[in-house]
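In our numbering, the protein residues as written are 5 to 288. Each residue gets a CB set at the ideal place from its N, CA and C atoms; glycine is no exception.
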């Protein structure tokens, strides 16, 4: 388990900010239960949240063929049918550990300084959301490890996806992936939680299948309870949740040469801040 001696001076300030702009939520209720997710305890960083599950025997051993979803059909609904996906797209999500990732990144020059500051002051220190800020940092791609998380009965609850830069083995993401139905919605969403110390960032993405079998994932809503990004922080026994102006979109597709690729775009309000491109290749 990864620990650090105490919070950085910026951590309590950022937590107080999100409490001030957020709203109190009770994660045990149907109204806000969709925001429940793993989080690190005090003085813990990185994937310490996963080690806590391991002690309970709730994490399966790492498998080279484990997927973010056992079956993409868990996302089936009025606007999505897994059977319409290209077979390679579906294979990636159901056997994610079997795929290698090569990455390219490009920041909007206006947002690059802010991205570097967030990565330097928060991302690398807490080993979470350390977005690559220099193109060469991703020149050797990312490593990928998927661990399945289950409940006491052995039923799947989600999957941990741990990614590191191959160049220096530094942590980039430690995410918890599952399907979720948002309040008042019929269509299941892709839910991704990034655990933090006494809090987490949660992103809910609406799935669509394009005519060529590509998968489109997007979070564009500004309404609380709909798709989008949420930052939640815990003070004593009370959770607070706020919506930052972050919008994400993914397009996972097979190109003209039969290679699986992903275009990932991060926007801050109406402005495109970061573009990532992934080339995905299955291990032989």
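Short Cβ contact (9 Å threshold) for residue 144 with residue 163: As a working mapping, residue 144 is identified with position 140 in the chain shown. As a working mapping, residue 163 is identified with position 159 in the chain shown. Contact flag unset, no.
By a C-beta neighbour count over all protein chains shown, 10 Å radius and 16 as the cutoff for buried, is residue 91 buried or exposed? The residue given as residue 91 occupies position 87 in the chain shown. Per the 10 Å Cβ criterion, exposed.
Can you tell me where the beta strand (DSSP E) with residue 105 in it begins and where it stops? In the chain shown, the residue the question calls residue 105 occupies position 101. Run containing residue 105: 103–111, per the beta strand (DSSP E) assignment.
Should residue 69 and residue 102 be called a contact, given that it needs their Cβ atoms to be closer than 9 Å? Here the question's residue 69 lines up with position 65 in the chain shown. Here the question's residue 102 lines up with position 98 in the chain shown. In this structure, residue 102 lies closer than 9 Å to residue 69 by Cβ.
Could you spell out the range, first to last residue, of the beta strand (DSSP E) harbouring residue 250? In the chain shown, counting from the first residue as 1, residue 250 sits at position 246. Counting along the chain, the unbroken beta strand (DSSP E) around residue 250 starts and ends at 250–258.
Between residue 168 and the rest of its own chain, which residues show a CB-CB distance below 7 Å, the 5 nearest in sequence each way excluded? Working through the chain shown from its first residue, we reach residue 168 at position 164. Answer for residue 168: 146, 147, 174, 175, 176, listed in chain order.
What's the C-alpha gap between residue 274 and residue 161? What you label residue 274 is simply residue 270 of the chain shown in a count that begins at 1. What you label residue 161 is simply residue 157 of the chain shown in a count that begins at 1. Taking the straight line from one Cα to the other gives about 34 Å.
Do you know whose CA, among 56, 279, 229, 286, lies nearest residue 113's CA? Position 109 of the chain shown, counting from 1, holds the residue named residue 113. It is 279 whose Cα lies nearest to the Cα of residue 113.
Using C-beta distances below 6 Å, list every residue in its chain close to residue 149, excluding the 5 sequence neighbours before and after it, in chain order. Residue mapping note: residue 149 aligns to position 145 of the chain shown, counting from 1. So the qualifying residues of the chain are 66, 166.
Considering only residues of the same chain and omitting the five flanking positions on each side of residue 287, which have a CB-CB separation below 8 Å? Counting from one through the chain shown, the residue named residue 287 turns up at place 283. Closer than 8 Å at Cβ, skipping near neighbours: 68, 102, 103, 104.
When you compare each of 97, 130, 282, 199 to residue 211 by their alpha carbons, which one comes out closest? For the purposes of this step, residue 211 is taken as residue 207 along the chain shown, with counting starting at 1. Per the Cα distances, 97.
Reduced DSSP category for residue 37 - H, G, I as helix; E, B as strand; rest coil: Against the chain shown, residue 37 aligns to sequence position 33. Residue state, collapsed to three classes: helix.
Note down, in chain order, each residue of its chain lying with its Cβ closer than 6 Å to the Cβ of residue 282, except the 5 sequence neighbours on either side. Numbered from 1 along the chain shown, position 278 holds the residue referred to as residue 282. In chain order, 105, 107, 266 place their CB closer than 6 Å to the CB of residue 282, counting only its own chain and leaving out the 5 sequence neighbours on each side.
Can you list the beta strand (DSSP E) stretches of 3 or more residues lying completely in the segment 51–118, in chain order? Counting only runs of 3 or more, we get 103–111.
Under a Cβ-count criterion, where at least 16 other Cβ atoms within 10 Å of its own Cβ denotes burial, should residue 75 be classed as buried or exposed? Reading the chain shown from its first residue, position 71 is the one you call residue 75. By the neighbour-count rule (16 or more Cβ atoms within 10 Å), residue 75 is not buried but exposed.
Residues in the same chain with beta-carbon distance under 8 Å from residue 203, minus the five sequence neighbours each way, listed in chain order, please. Residue numbering aside, residue 203 sits at position 199 when the chain shown is read from its first letter. 19, 22, 43, 235, 236, 237, 238, listed in sequence order.
Rounded to whole angstroms, what's the CA-CA distance from residue 10 to residue 251? Just pull it up for me. On the chain shown, position 6 is the one that residue 10 refers to. On the chain shown, position 247 is the one that residue 251 refers to. Caution applies to residue 10, whose pLDDT of 46 falls short of 50 and renders its modelled position unreliable; the value that the coordinates give is listed next. Taking the CA atoms as reference points, residue 10 sits about 31 Å from residue 251.
So who's on the other strand from residue 29, going by DSSP bridges? Within the chain shown, the letter at position 25 stands for residue 29. Partner residues in the beta bridge of residue 29, as assigned by DSSP, are 243.
Using DSSP with H/G/I as helix, E/B as strand and the rest coil, what is residue 123? To locate residue 123, count along the chain shown from 1; it is residue 119. DSSP places residue 123 in the helix class (H, G or I) of the three-state scheme.
Report back the beta-carbon spacing between residue 64 and residue 152 to the nearest angstrom; my notes put them in contact at under 8 Å. As a working mapping, residue 64 is identified with position 60 in the chain shown. As a working mapping, residue 152 is identified with position 148 in the chain shown. Indeed, because the Cβ distance is near 4 Å, the residues count as touching under 8 Å.
Roughly how many angstroms lie between the CA atoms of residue 205 and residue 94, to the nearest whole one? On the chain shown, position 201 is the one that residue 205 refers to. On the chain shown, position 90 is the one that residue 94 refers to. Approximately 26 Å between the Cα atoms of the pair.
Run through DSSP, which three-state label would residue 24 get? Here residue 24 refers to the residue found at position 20 of the chain shown. Helix at residue 24.
Let me confirm a value: residue 100 is counted as buried when at least 16 other C-beta atoms fall within 10 Å, else exposed. Which label applies? Here residue 100 is taken as the residue at index 96 of the chain shown, counted from 1. It counts as buried.
Going by beta carbon distance, what residues of the same chain come within less than 7 Å of residue 32, once the five residues before and after it are set aside? Mapped onto the chain shown, residue 32 falls at position 28. Counting only Cβ-Cβ distances below 7 Å, and skipping sequence neighbours, we find nothing.
Return the residue from the list 216, 47, 142 that minimises the CA-CA distance to residue 201. The residue labelled residue 201 in the question sits at position 197 within the chain shown. For residue 201, the nearest C-alpha among the options comes from 47.
Could you tell me which of 232, 253, 257 sits nearest to residue 245, measuring between CA atoms? Here the question's residue 245 lines up with position 241 in the chain shown. With distances taken between Cα atoms, residue 245 lies closest to 232.
Just tell me which of 111, 26, 59 has its CA closest to the CA of residue 228. Taking the first residue of the chain shown as position 1, residue 228 is located at position 224. Checked all of 111, 26, 59; the closest Cα to residue 228 is 26.
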